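See below for the structure under consideration.
Numbering (the working numbering), first residue to last: 1 to 390.
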(Lines of atoms letter the chains of each structure in order from A; the text may use other names.)
(Lines give C-alpha, C1' and ligand atoms only; values in the text may rest on other atoms or scores of the structure.)
Protein backbone atom coordinates (compact mmCIF):
# COMPACT_ATOMS: atom_id res chain seq x y z
CA UNK A 1 0.00 0.00 0.00
CA UNK A 2 1.35 3.43 -0.96
CA UNK A 3 2.07 5.99 1.76
CA UNK A 4 -0.44 8.37 0.17
CA UNK A 5 -3.15 5.72 0.44
CA UNK A 6 -2.30 5.12 4.09
CA UNK A 7 -2.59 8.85 4.78
CA UNK A 8 -5.99 9.07 3.07
CA UNK A 9 -7.27 6.13 5.10
CA UNK A 10 -6.09 7.72 8.36
CA UNK A 11 -7.70 11.05 7.41
CA UNK A 12 -10.98 9.30 6.52
CA UNK A 13 -11.01 7.45 9.86
CA UNK A 14 -10.34 10.70 11.73
CA UNK A 15 -13.15 12.53 9.93
CA UNK A 16 -15.56 9.66 10.64
CA UNK A 17 -14.64 9.63 14.32
CA UNK A 18 -14.96 13.42 14.55
CA UNK A 19 -18.15 14.15 12.60
CA UNK A 20 -20.40 11.07 12.73
CA UNK A 21 -23.06 11.62 15.43
CA UNK A 22 -22.48 8.37 17.29
CA UNK A 23 -24.95 9.33 20.01
CA UNK A 24 -27.83 9.31 17.53
CA UNK A 25 -30.07 6.25 18.12
CA UNK A 26 -30.08 5.30 14.42
CA UNK A 27 -26.29 5.47 14.22
CA UNK A 28 -25.98 3.45 17.40
CA UNK A 29 -28.36 0.81 16.05
CA UNK A 30 -26.48 0.72 12.74
CA UNK A 31 -23.18 0.27 14.56
CA UNK A 32 -24.65 -2.57 16.62
CA UNK A 33 -26.02 -4.22 13.47
CA UNK A 34 -22.59 -4.01 11.82
CA UNK A 35 -20.94 -6.01 14.58
CA UNK A 36 -23.93 -8.33 15.05
CA UNK A 37 -23.69 -9.18 11.35
CA UNK A 38 -19.95 -9.77 11.72
CA UNK A 39 -20.59 -12.08 14.68
CA UNK A 40 -23.30 -13.93 12.77
CA UNK A 41 -20.95 -14.38 9.84
CA UNK A 42 -18.11 -15.57 12.08
CA UNK A 43 -20.32 -18.08 13.89
CA UNK A 44 -22.26 -19.48 10.95
CA UNK A 45 -20.00 -19.28 7.92
CA UNK A 46 -16.29 -19.02 8.71
CA UNK A 47 -15.63 -22.52 10.09
CA UNK A 48 -18.05 -24.46 7.90
CA UNK A 49 -17.75 -22.48 4.65
CA UNK A 50 -14.75 -20.18 4.38
CA UNK A 51 -12.06 -22.33 6.02
CA UNK A 52 -12.76 -25.37 3.77
CA UNK A 53 -12.86 -23.04 0.76
CA UNK A 54 -9.46 -21.58 1.68
CA UNK A 55 -7.92 -25.05 1.92
CA UNK A 56 -9.42 -25.98 -1.46
CA UNK A 57 -7.96 -22.80 -2.97
CA UNK A 58 -4.55 -23.60 -1.45
CA UNK A 59 -4.71 -27.11 -2.88
CA UNK A 60 -5.61 -25.77 -6.32
CA UNK A 61 -2.71 -23.32 -6.18
CA UNK A 62 -0.15 -25.95 -5.14
CA UNK A 63 -1.26 -29.28 -6.57
CA UNK A 64 -3.16 -28.38 -9.72
CA UNK A 65 -0.69 -27.70 -12.49
CA UNK A 66 -0.95 -24.60 -14.64
CA UNK A 67 -1.18 -26.89 -17.64
CA UNK A 68 -4.35 -28.44 -16.20
CA UNK A 69 -5.88 -25.05 -15.45
CA UNK A 70 -5.06 -23.75 -18.90
CA UNK A 71 -6.50 -26.87 -20.49
CA UNK A 72 -9.98 -25.94 -19.30
CA UNK A 73 -9.85 -22.25 -18.33
CA UNK A 74 -6.92 -20.73 -20.22
CA UNK A 75 -7.06 -18.36 -23.17
CA UNK A 76 -6.21 -21.13 -25.60
CA UNK A 77 -8.69 -23.63 -24.18
CA UNK A 78 -11.71 -24.86 -26.11
CA UNK A 79 -14.30 -22.14 -25.50
CA UNK A 80 -17.31 -24.44 -25.46
CA UNK A 81 -15.67 -26.76 -22.92
CA UNK A 82 -14.27 -24.02 -20.67
CA UNK A 83 -17.46 -21.98 -20.44
CA UNK A 84 -19.61 -25.09 -20.06
CA UNK A 85 -17.54 -26.27 -17.10
CA UNK A 86 -17.34 -22.79 -15.54
CA UNK A 87 -21.03 -21.96 -15.92
CA UNK A 88 -22.33 -25.10 -14.18
CA UNK A 89 -19.54 -25.54 -11.63
CA UNK A 90 -21.60 -23.82 -8.96
CA UNK A 91 -24.30 -26.48 -8.94
CA UNK A 92 -22.41 -28.66 -6.44
CA UNK A 93 -21.14 -25.87 -4.17
CA UNK A 94 -23.42 -24.35 -1.52
CA UNK A 95 -21.26 -21.23 -1.33
CA UNK A 96 -22.05 -17.55 -0.94
CA UNK A 97 -20.53 -14.59 -2.78
CA UNK A 98 -17.69 -14.48 -0.24
CA UNK A 99 -16.98 -18.19 0.16
CA UNK A 100 -16.39 -18.53 -3.59
CA UNK A 101 -13.64 -15.87 -3.49
CA UNK A 102 -10.75 -18.13 -2.41
CA UNK A 103 -11.68 -20.61 -5.14
CA UNK A 104 -11.79 -17.84 -7.74
CA UNK A 105 -8.48 -16.40 -6.56
CA UNK A 106 -6.95 -19.87 -6.76
CA UNK A 107 -7.83 -20.54 -10.40
CA UNK A 108 -7.27 -16.94 -11.55
CA UNK A 109 -3.77 -16.71 -10.06
CA UNK A 110 -2.91 -20.06 -11.65
CA UNK A 111 -3.36 -18.57 -15.11
CA UNK A 112 -7.03 -19.08 -15.91
CA UNK A 113 -8.42 -16.71 -18.52
CA UNK A 114 -10.54 -13.87 -17.17
CA UNK A 115 -13.59 -15.10 -19.11
CA UNK A 116 -13.87 -18.62 -17.65
CA UNK A 117 -12.66 -17.38 -14.24
CA UNK A 118 -15.38 -14.73 -13.96
CA UNK A 119 -17.97 -17.19 -15.32
CA UNK A 120 -17.00 -19.47 -12.42
CA UNK A 121 -17.01 -16.52 -10.00
CA UNK A 122 -20.61 -15.76 -10.93
CA UNK A 123 -21.91 -19.32 -11.17
CA UNK A 124 -20.44 -20.50 -7.85
CA UNK A 125 -22.89 -18.70 -5.53
CA UNK A 126 -25.63 -18.12 -8.13
CA UNK A 127 -26.71 -21.62 -9.13
CA UNK A 128 -25.93 -24.07 -6.36
CA UNK A 129 -28.49 -26.84 -6.47
CA UNK A 130 -29.71 -26.28 -2.90
CA UNK A 131 -30.53 -22.62 -3.60
CA UNK A 132 -32.36 -23.43 -6.83
CA UNK A 133 -34.38 -26.19 -5.12
CA UNK A 134 -35.25 -23.98 -2.16
CA UNK A 135 -36.25 -21.10 -4.45
CA UNK A 136 -38.59 -23.31 -6.45
CA UNK A 137 -40.12 -24.88 -3.36
CA UNK A 138 -40.74 -21.68 -1.37
CA UNK A 139 -41.09 -18.95 -3.99
CA UNK A 140 -42.60 -21.00 -6.80
CA UNK A 141 -41.28 -23.21 -9.58
CA UNK A 142 -41.48 -20.37 -12.12
CA UNK A 143 -39.04 -18.22 -10.14
CA UNK A 144 -36.82 -21.23 -9.41
CA UNK A 145 -36.65 -22.19 -13.10
CA UNK A 146 -36.04 -18.59 -14.18
CA UNK A 147 -33.24 -18.30 -11.64
CA UNK A 148 -31.56 -21.51 -12.80
CA UNK A 149 -31.72 -20.63 -16.50
CA UNK A 150 -30.77 -17.00 -15.93
CA UNK A 151 -27.77 -17.88 -13.77
CA UNK A 152 -26.27 -20.29 -16.31
CA UNK A 153 -26.84 -17.86 -19.19
CA UNK A 154 -25.48 -14.95 -17.14
CA UNK A 155 -22.31 -16.87 -16.27
CA UNK A 156 -21.55 -17.55 -19.93
CA UNK A 157 -22.41 -14.03 -21.16
CA UNK A 158 -20.49 -12.35 -18.31
CA UNK A 159 -17.41 -14.46 -19.01
CA UNK A 160 -17.55 -13.82 -22.76
CA UNK A 161 -17.98 -10.06 -22.30
CA UNK A 162 -15.12 -9.88 -19.79
CA UNK A 163 -12.94 -11.91 -22.15
CA UNK A 164 -13.67 -9.57 -25.07
CA UNK A 165 -13.35 -6.32 -23.11
CA UNK A 166 -10.08 -7.27 -21.42
CA UNK A 167 -8.60 -9.46 -24.12
CA UNK A 168 -5.35 -7.51 -24.40
CA UNK A 169 -4.84 -7.32 -20.65
CA UNK A 170 -5.56 -11.01 -20.29
CA UNK A 171 -3.11 -11.98 -23.03
CA UNK A 172 -0.45 -9.78 -21.43
CA UNK A 173 -1.11 -11.32 -18.02
CA UNK A 174 -0.55 -14.88 -19.25
CA UNK A 175 1.62 -14.25 -22.29
CA UNK A 176 4.88 -13.88 -20.43
CA UNK A 177 4.49 -16.91 -18.20
CA UNK A 178 6.22 -20.21 -18.87
CA UNK A 179 4.01 -23.21 -18.28
CA UNK A 180 6.14 -26.03 -16.98
CA UNK A 181 4.52 -29.48 -17.14
CA UNK A 182 4.31 -31.65 -14.08
CA UNK A 183 7.20 -33.94 -13.34
CA UNK A 184 6.60 -37.43 -14.65
CA UNK A 185 7.02 -39.03 -11.23
CA UNK A 186 5.37 -36.97 -8.52
CA UNK A 187 4.24 -39.94 -6.47
CA UNK A 188 0.54 -39.59 -7.31
CA UNK A 189 -1.74 -40.16 -10.23
CA UNK A 190 -4.19 -37.62 -11.65
CA UNK A 191 -6.98 -39.76 -10.18
CA UNK A 192 -5.48 -39.43 -6.68
CA UNK A 193 -5.18 -35.64 -6.98
CA UNK A 194 -8.78 -35.48 -8.21
CA UNK A 195 -10.07 -37.61 -5.32
CA UNK A 196 -8.12 -35.45 -2.84
CA UNK A 197 -9.67 -32.19 -4.08
CA UNK A 198 -13.11 -33.79 -4.50
CA UNK A 199 -12.99 -34.91 -0.85
CA UNK A 200 -12.40 -31.32 0.27
CA UNK A 201 -15.23 -30.10 -1.95
CA UNK A 202 -17.55 -32.66 -0.36
CA UNK A 203 -16.42 -31.52 3.10
CA UNK A 204 -17.42 -27.98 2.12
CA UNK A 205 -20.78 -29.17 0.74
CA UNK A 206 -21.77 -31.25 3.78
CA UNK A 207 -20.36 -28.95 6.47
CA UNK A 208 -22.37 -26.06 5.00
CA UNK A 209 -25.48 -28.15 4.25
CA UNK A 210 -28.50 -25.97 4.98
CA UNK A 211 -31.07 -26.86 7.63
CA UNK A 212 -34.36 -27.96 6.01
CA UNK A 213 -37.72 -26.47 6.84
CA UNK A 214 -39.39 -27.93 9.98
CA UNK A 215 -42.05 -29.73 7.92
CA UNK A 216 -39.66 -30.99 5.22
CA UNK A 217 -39.55 -34.70 4.40
CA UNK A 218 -37.47 -36.91 2.14
CA UNK A 219 -33.77 -36.92 1.31
CA UNK A 220 -32.84 -33.38 2.42
CA UNK A 221 -33.68 -33.85 6.15
CA UNK A 222 -31.99 -37.26 6.11
CA UNK A 223 -28.77 -35.81 4.71
CA UNK A 224 -28.89 -32.91 7.18
CA UNK A 225 -29.28 -35.32 10.09
CA UNK A 226 -26.20 -37.25 8.95
CA UNK A 227 -24.12 -34.29 7.72
CA UNK A 228 -21.62 -34.28 10.60
CA UNK A 229 -21.11 -38.04 10.46
CA UNK A 230 -20.41 -37.73 6.73
CA UNK A 231 -18.13 -34.72 7.31
CA UNK A 232 -16.11 -36.54 9.99
CA UNK A 233 -15.74 -39.58 7.71
CA UNK A 234 -14.52 -37.32 4.89
CA UNK A 235 -12.04 -35.59 7.24
CA UNK A 236 -10.64 -38.96 8.27
CA UNK A 237 -10.36 -39.97 4.62
CA UNK A 238 -8.60 -36.68 3.86
CA UNK A 239 -6.15 -37.27 6.70
CA UNK A 240 -5.36 -40.75 5.38
CA UNK A 241 -4.78 -39.33 1.86
CA UNK A 242 -2.40 -36.67 3.19
CA UNK A 243 -0.39 -39.27 5.10
CA UNK A 244 -0.32 -41.85 2.32
CA UNK A 245 -0.02 -39.75 -0.83
CA UNK A 246 1.74 -36.49 0.10
CA UNK A 247 5.17 -35.59 1.42
CA UNK A 248 5.75 -33.31 4.36
CA UNK A 249 7.10 -30.55 2.11
CA UNK A 250 3.98 -30.71 -0.07
CA UNK A 251 1.73 -30.37 2.97
CA UNK A 252 3.76 -27.38 4.18
CA UNK A 253 3.42 -25.75 0.74
CA UNK A 254 -0.34 -26.37 0.85
CA UNK A 255 -0.65 -24.72 4.27
CA UNK A 256 1.51 -21.77 3.15
CA UNK A 257 -0.66 -21.21 0.06
CA UNK A 258 -3.83 -21.43 2.16
CA UNK A 259 -2.45 -18.91 4.66
CA UNK A 260 -1.55 -16.57 1.80
CA UNK A 261 -5.14 -16.53 0.58
CA UNK A 262 -6.40 -15.98 4.14
CA UNK A 263 -4.14 -12.95 4.66
CA UNK A 264 -5.29 -11.45 1.38
CA UNK A 265 -9.02 -12.03 1.75
CA UNK A 266 -10.01 -12.06 5.45
CA UNK A 267 -9.29 -8.38 6.30
CA UNK A 268 -11.21 -7.01 3.31
CA UNK A 269 -13.98 -9.53 3.81
CA UNK A 270 -14.60 -8.64 7.44
CA UNK A 271 -14.37 -4.91 6.71
CA UNK A 272 -16.94 -5.29 3.96
CA UNK A 273 -19.31 -7.25 6.21
CA UNK A 274 -19.14 -4.48 8.82
CA UNK A 275 -19.92 -1.79 6.24
CA UNK A 276 -22.79 -3.82 4.75
CA UNK A 277 -24.21 -4.41 8.24
CA UNK A 278 -23.92 -0.73 9.13
CA UNK A 279 -25.78 0.40 6.00
CA UNK A 280 -28.33 -2.37 5.52
CA UNK A 281 -28.42 -4.43 8.70
CA UNK A 282 -29.43 -8.03 9.05
CA UNK A 283 -32.76 -9.42 7.78
CA UNK A 284 -35.49 -8.17 10.08
CA UNK A 285 -33.22 -5.61 11.78
CA UNK A 286 -33.13 -2.02 10.54
CA UNK A 287 -29.89 -0.09 10.16
CA UNK A 288 -28.94 3.19 8.49
CA UNK A 289 -31.12 2.41 5.45
CA UNK A 290 -34.51 1.16 6.76
CA UNK A 291 -35.88 -2.05 5.26
CA UNK A 292 -39.34 -0.58 4.76
CA UNK A 293 -37.84 2.22 2.67
CA UNK A 294 -36.23 -0.37 0.40
CA UNK A 295 -39.46 -2.32 0.11
CA UNK A 296 -41.44 0.71 -1.06
CA UNK A 297 -39.07 1.09 -4.01
CA UNK A 298 -39.44 -2.49 -5.25
CA UNK A 299 -43.12 -2.71 -6.16
CA UNK A 300 -44.33 -3.17 -9.73
CA UNK A 301 -42.13 -3.93 -12.72
CA UNK A 302 -40.73 -0.57 -13.74
CA UNK A 303 -37.20 -0.02 -14.96
CA UNK A 304 -36.43 1.82 -11.73
CA UNK A 305 -37.77 -0.98 -9.51
CA UNK A 306 -35.72 -3.63 -11.32
CA UNK A 307 -32.61 -1.47 -11.41
CA UNK A 308 -32.93 -0.65 -7.73
CA UNK A 309 -33.40 -4.34 -6.89
CA UNK A 310 -30.27 -5.22 -8.88
CA UNK A 311 -28.14 -2.49 -7.31
CA UNK A 312 -29.42 -3.14 -3.78
CA UNK A 313 -28.88 -6.87 -4.22
CA UNK A 314 -25.38 -6.28 -5.57
CA UNK A 315 -24.33 -4.39 -2.43
CA UNK A 316 -26.18 -6.48 0.15
CA UNK A 317 -24.56 -9.57 1.61
CA UNK A 318 -26.55 -12.81 1.31
CA UNK A 319 -25.27 -15.85 3.13
CA UNK A 320 -25.95 -19.10 1.32
CA UNK A 321 -29.72 -19.67 0.96
CA UNK A 322 -30.66 -16.62 3.08
CA UNK A 323 -31.84 -14.76 0.00
CA UNK A 324 -34.89 -17.06 -0.18
CA UNK A 325 -36.52 -16.16 3.17
CA UNK A 326 -35.56 -12.51 2.66
CA UNK A 327 -37.32 -12.46 -0.69
CA UNK A 328 -40.28 -14.32 0.78
CA UNK A 329 -40.77 -11.44 3.20
CA UNK A 330 -40.23 -8.79 0.52
CA UNK A 331 -42.72 -10.44 -1.85
CA UNK A 332 -45.24 -10.56 0.99
CA UNK A 333 -44.73 -6.84 1.51
CA UNK A 334 -45.55 -6.04 -2.13
CA UNK A 335 -42.33 -6.58 -4.04
CA UNK A 336 -42.85 -7.25 -7.77
CA UNK A 337 -41.94 -10.58 -9.37
CA UNK A 338 -39.54 -8.90 -11.81
CA UNK A 339 -37.49 -7.11 -9.14
CA UNK A 340 -37.50 -10.37 -7.16
CA UNK A 341 -35.73 -12.20 -10.01
CA UNK A 342 -33.38 -9.23 -10.53
CA UNK A 343 -32.36 -9.38 -6.89
CA UNK A 344 -31.97 -13.18 -7.04
CA UNK A 345 -29.65 -12.93 -10.04
CA UNK A 346 -27.53 -10.06 -8.72
CA UNK A 347 -27.68 -10.57 -4.95
CA UNK A 348 -26.15 -13.99 -4.23
CA UNK A 349 -23.33 -13.47 -6.76
CA UNK A 350 -22.29 -10.01 -5.55
CA UNK A 351 -21.89 -8.14 -2.27
CA UNK A 352 -19.85 -5.25 -0.96
CA UNK A 353 -17.30 -7.58 0.72
CA UNK A 354 -17.16 -9.61 -2.48
CA UNK A 355 -16.40 -6.52 -4.60
CA UNK A 356 -13.57 -5.40 -2.32
CA UNK A 357 -11.85 -8.77 -2.50
CA UNK A 358 -12.34 -9.17 -6.27
CA UNK A 359 -10.73 -5.75 -6.76
CA UNK A 360 -7.67 -6.92 -4.82
CA UNK A 361 -7.38 -9.98 -7.07
CA UNK A 362 -8.02 -8.62 -10.58
CA UNK A 363 -8.07 -4.84 -10.15
CA UNK A 364 -10.69 -2.13 -9.66
CA UNK A 365 -11.40 -1.57 -13.38
CA UNK A 366 -12.18 -5.23 -14.13
CA UNK A 367 -14.25 -5.47 -10.95
CA UNK A 368 -16.32 -2.41 -11.90
CA UNK A 369 -17.02 -3.83 -15.37
CA UNK A 370 -17.88 -7.27 -13.92
CA UNK A 371 -20.36 -5.77 -11.45
CA UNK A 372 -21.90 -3.45 -14.07
CA UNK A 373 -22.50 -6.35 -16.47
CA UNK A 374 -24.31 -8.34 -13.78
CA UNK A 375 -26.44 -5.39 -12.64
CA UNK A 376 -27.48 -4.47 -16.19
CA UNK A 377 -28.32 -8.06 -17.17
CA UNK A 378 -30.23 -8.63 -13.90
CA UNK A 379 -32.29 -5.51 -14.55
CA UNK A 380 -33.16 -6.62 -18.09
CA UNK A 381 -33.99 -10.16 -16.97
CA UNK A 382 -36.21 -8.84 -14.18
CA UNK A 383 -38.19 -6.65 -16.56
CA UNK A 384 -38.67 -9.49 -19.06
CA UNK A 385 -39.75 -11.92 -16.35
CA UNK A 386 -42.05 -9.40 -14.69
CA UNK A 387 -43.76 -8.72 -18.01
CA UNK A 388 -44.75 -12.33 -18.62
CA UNK A 389 -45.31 -13.58 -15.05
CA UNK A 390 -48.04 -12.01 -12.95
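We put the CB at the ideal spot given by N, CA and C, even for glycine. Fair warning: this is a prediction, and the values are worked out from it, not measured in the lab.
On the criterion of 16 or more Cβ atoms from any shown chain inside 10 Å, does residue 398 qualify as buried, or is it exposed? In the structure displayed, the chain extends from 1 to 390; residue 398 sits before or after that span and is not available.
Can you tell which of 338, 219, 245, 225 has the C-alpha that lies nearest to the C-alpha of residue 191? 245
Suppose contacts are defined by Cβ-Cβ distances below 9 Å. Is residue 352 in contact with residue 26 by that definition? no
By the three-class DSSP mapping on this structure, what secondary structure does residue 13 have? helix
Who are the Cβ neighbours of residue 382 in its own chain at under 6 Å, not counting the five residues just before and after it? 306, 338, 339, 341, 342
Just to confirm, is the Cβ distance from residue 278 to residue 196 under 9 Å? no
Roughly how many whole angstroms lie between the Cα atoms of residue 45 and residue 127? 18 Å
Starting from the Cα of residue 264, find the closest Cα among 362, 223, 121, 147 and give me that residue. 362
Rounding to the nearest angstrom, what Cα-Cα distance links residue 272 and residue 249 in this structure? 35 Å
Classification of residue 377 by the beta-carbon crowding that lies within 10 angstroms, buried from 16 upward: buried
Considering only C-alpha positions, which residue in the set 335, 255, 203, 301 is nearest to residue 230? 203
Buried or exposed: residue 52, going by 16 or more other Cβ atoms within 10 Å of its Cβ? buried
Which same chain residues end up closer than 6 Å to residue 161 when comparing Cβ atoms and leaving out the 5 residues on each side of it in sequence? 373
Shortest alpha-carbon distance to residue 258 belongs to which of 57, 49, 37, 10? 57
So residue 314 is in the alpha helix (DSSP H); what residue range does that whole segment cover? 303 to 315
Would you grab the beta carbon distance between residue 146 and residue 385 for me? Rounded to a whole angstrom, and I think it's under 8 Å. 5 Å
From 108, 140, 138, 194, pick the residue whose C-alpha is nearest to that of residue 159; which is it? 108
Verify the contact flag: residue 287, CB atom, against every heavy atom of the ligand GTP, threshold strictly below 8 Å. This structure does not include the ligand GTP; it has no bound ligands of any sort.
Segments of 4+ residues assigned as alpha helix (DSSP H) that fall wholly inside the segment 222 to 310: 248 to 280, 291 to 296
For residue 269, I'd like the list of residues in its chain whose CB is within less than 7 Å of its CB, leaving aside the five on either flank, ordered along the chain. 98, 353, 357
Label residue 282 either buried or exposed according to how many other C-beta atoms from any shown protein chain fall within 10 Å of its C-beta, with 16 as the threshold for buried. buried
Should residue 171 be labelled buried (16 or more other beta-carbon atoms within 10 Å of its own) or exposed? exposed
Measure from the alpha carbon of residue 262 to the alpha carbon of each residue in 101, 31, 303, 387, then state which is nearest. 101
With H, G and I counted as helix, E and B as strand and the rest as coil, what does DSSP make of residue 22? coil
For residue 121 versus residue 274, is the C-beta distance shorter than 9 Å? no
May I have a chain-ordered list of the alpha helix (DSSP H) segments no shorter than 4 residues that lie completely inside the segment 344 to 378? 352 to 362
Backbone secondary structure at residue 49 - three-state DSSP: helix
Go through its chain and collect everything with a Cβ distance to residue 237's Cβ below 8 Å, but skip five positions before and after it. 199
Grouping DSSP H, G and I as helix and E and B as strand, with all else coil, what is residue 334? coil
So, at 8 Å on beta carbons, what are the nonlocal neighbours of residue 176 in its own chain, with the 5 sequence-adjacent residues on each side left out? Its pLDDT being 45, under 50, residue 176 is placed unreliably by the model, and the measurement read from it follows with that caveat. For residue 176, where only same-chain residues beyond five positions count, there are no Cβ hits under 8 Å.
With H, G and I counted as helix, E and B as strand and the rest as coil, what does DSSP make of residue 188? coil
Taking Cβ positions, are residue 331 and residue 103 nearer each other than 9 Å? no
Going by alpha carbons, who is nearest to residue 193 out of 155, 242, 86? 242
Just checking my contact of residue 315 with residue 359 at CB under 8 Å: how many whole Å lie between their CB atoms? Actually they are not in contact, since the Cβ atoms of residue 315 and residue 359 sit about 14 Å apart, beyond 8 Å.
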